[in-house]
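*Asks:*
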Amino acid sequence: MGHRGSRMRMRALLSLAGAGILVFVVAVASVVAVASGALGASTNQHRVRSLGATATIARQLGVSETAHLTLISHHTGLLIEEGNSSGTPGGKLGIRVNVSYEHTTRAAISFTAHPRGGTVTGQGEVPFYASGALAHFSGTIHSIRGSGRYAHATTRGISIQGTVQRTHNYAISVKITGTLVF
Amino acid sequence: MRPLPFISCVALIVGLMLPGAAHASETAKFRVHFSPNTLGGNATILVDFSIATSNGQIPSPLTDVNLRLPPGVSLGSSTLGLATCTEGQLKAGGLAGCSPNALMGLGNATVEVPFGPIIVAESVAVNIFMGQAINGHTSLLFYADAKTPVSAQLVFPGELLEGTSGNFAAELNTVIPLTPSVPGASYAAVVRMHSSVGPEHLLYTRQSHGRTVYFRPVGIAIPRKCPVGGFRFDAVLTFQDGSTITASTSVPCPPRARKRRRAGK
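Chains A and B supply the protein sequences, listed in that same order. With the working numbering, letter number 68 in the first sequence gets 74, and the count goes up by one each step, no holes. With the working numbering, letter number 150 in the second sequence gets 148, and the count goes up by one each step, no holes.
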């Protein structure tokens, strides 16, 4: 009886111990799982961050383009001009300068650049004034869109400054500078 | 400012003996025209205003004219003022001191000069030039040339600023200097002014293959669409006595061109 009783207690203890071990194992497994999950998440975040950082660096483009454009067509106050730009990223550049309709002292400007792999379009309004044979415009363009490689193009502001020859050819010289993120 | 007194002896004596006339409240009539009045075209803008007082006396001298322009009426695509002129050039050489290609408009004004109880009206020729830009704003230079009885040449700038009120796109703000007449008498007071800014009566020159070519500059852009009620202009006139009046006018929309019916229909 004594042996049987001790065996019973032993089994009970063992079963308790087994249950404890099981609980411990489960708990450890849970902790490991949670820890590994957390670790995995932080790793992922790190990866995202590092990828983001890499991507941001890789996809930032310093823009510095200069172009001398020639008149394609014009209506009252609207000049549509095209030409090739030099600088970064370079390529063909088209510009529409509306100096008449909305504001007398401002020009509504939109430009489309055709760098390799896509297009970048910007539009905005900048101050405009005439002084002799030249009219001047200068300001910041915040609205940027793109296509192709530049489909997600954004900017914190692209500066545009230029002159319009107020003689009969209305030739535009323009300089566009800033940073493009895409 | 370079006032050159050239006054008849009688007027001088009367002017010295008698005080200037008292001022009453000013009223103004104001008109603007486009020539030609064609939507989407380029035009000369003609501005007329006259100033009177409620009691018929000489008005207080005009010190500031703020001409408010409707949206779309702009110098942007015009070729008026292909050269610039400076105040120094005008003062030193008069009209001949500036390139004809800087001339943007012409006008005349009538000023009244009080010589005691006698009010003498004087005609003043006004020429409007393209000035050098001021703080990134288009500027005009007004050259007023009075001959007799008071001989004076005045140069004063007008600055084209962004509109700050209502539906006006821009304001041509012109500060008019006080014009002395005779010692002890009041300043000369503008009572009428007619001015035009645009290609009418203007001819510019350019060199082509060694020859001088004359051409008429492109006028001020008129929008393609006419707002309901026409193109509204306001003139805010400020006087030496501190009073201000606002006069409004509208350039009516031009009649629509009738569509031609096709032959046989």
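Just so you know, even glycine gets a beta-carbon here, dropped at the ideal spot from N, CA and C.
1. Is it true that the segment 88 to 102 of chain B meets the segment 144 to 155 of chain B, where meeting means three or more beta-carbon pairs spaced less than 8 Å apart?
2. Taking C-beta pairs closer than 8 Å, name the residues in chain A that B/Val234 reaches, listed in chain order.
3. Less than 6 Å between C-beta atoms, sequence neighbours within five positions excluded: which residues of the same chain meet that for B/Arg29?
4. What are the residues in the segment 112 to 145 of chain B lying within 7 Å of chain E by C-beta distance?
5. Are B/Ala81 and B/Asn99 touching if we call contact CB-CB under 8 Å?
6. For A/Val132, does the three-state DSSP call read helix, strand or coil?
7. In chain A, which residues lie less than 7 Å from B/Gly79 when you measure between Cβ atoms?
8. Count the other C-beta atoms from every protein chain shown that fall within 10 angstroms of the C-beta of A/Arg172, then say buried if there are 16 or more, exposed otherwise.
9. Just to confirm the assignment, what range does the beta strand (DSSP E) spanning B/Gln238 have?
10. Note down the Cα distance separating A/Ile147 from B/His135, rounded to an integer number of angstroms.
11. So the candidates are B/Ile43, B/Leu65, B/Thr36; which of them puts its Cα closest to the Cα of B/Ala233?
12. Only counting the same chain, and skipping five residues up and downstream in sequence, which positions put a Cβ closer than 7 Å to that of B/Phe229?
13. In chain order, what residues of the same chain lie with their CB nearer than 7 Å to the CB of A/Thr72, ignoring the 5 residues before and after it?
14. What is the residue span of the beta strand (DSSP E) that B/Ala81 lies within?
15. Tell me whether A/Asn104 is buried or exposed, calling it buried when 16 or more other Cβ atoms sit within 10 Å of its Cβ.
16. Taking contact to mean 3 or more Cβ pairs, one atom from each stretch, closer than 8 Å, check whether the segment 208 to 228 of chain B and the segment 108 to 125 of chain B are in contact.
17. Determine, for B/Leu201, whether the minimum Cβ-Cβ distance to residues of chain A falls below 8 Å.
18. Between which two residues does the alpha helix (DSSP H) harbouring B/Leu200 extend?
19. Which full runs of the beta strand (DSSP E) of 3+ residues lie inside the segment 138 to 196 of chain B, going along the chain?
20. On the CB-based measure, 16 or more other CB atoms within 10 Å of its CB, does B/Gly105 come out buried or exposed?
21. Under a CB-based cut-off of 8 Å, is B/Met(-1) close to chain A?
22. So that I know if they touch, is there some Cβ in chain A lying closer than 8 Å to that of B/Ser75?
23. Indicate whether A/Phe188 and A/His142 have their beta-carbon atoms separated by less than 8 Å.
*Replies:* Short version:
1. yes
2. Simply none; closest approach about 17 Å.
3. Asp46, Thr247
4. The chain inventory of the structure shown lacks chain E, comprising the protein chains A and B.
5. yes
6. strand
7. Ala136, Gly138
8. buried
9. First-last for B/Gln238: undefined, no H or E at that position.
10. 20 Å
11. B/Leu65
12. Pro68, Val71, Ser248, Val249
13. Ser91, Ser92, Gly93, Lys181
14. Taken as a continuous stretch (DSSP letters only), B/Ala81 belongs to no beta strand (DSSP E), as it is neither H nor E.
15. buried
16. no
17. no
18. Segment: none, B/Leu200 is in no alpha helix (DSSP H) and carries neither H nor E.
19. 149 to 160, 168 to 173, 187 to 195
20. buried
21. Any reading at B/Met(-1) must be qualified, since the residue scores a pLDDT of 42, below 50, and its modelled position is unreliable; no value is offered.
22. yes
23. no
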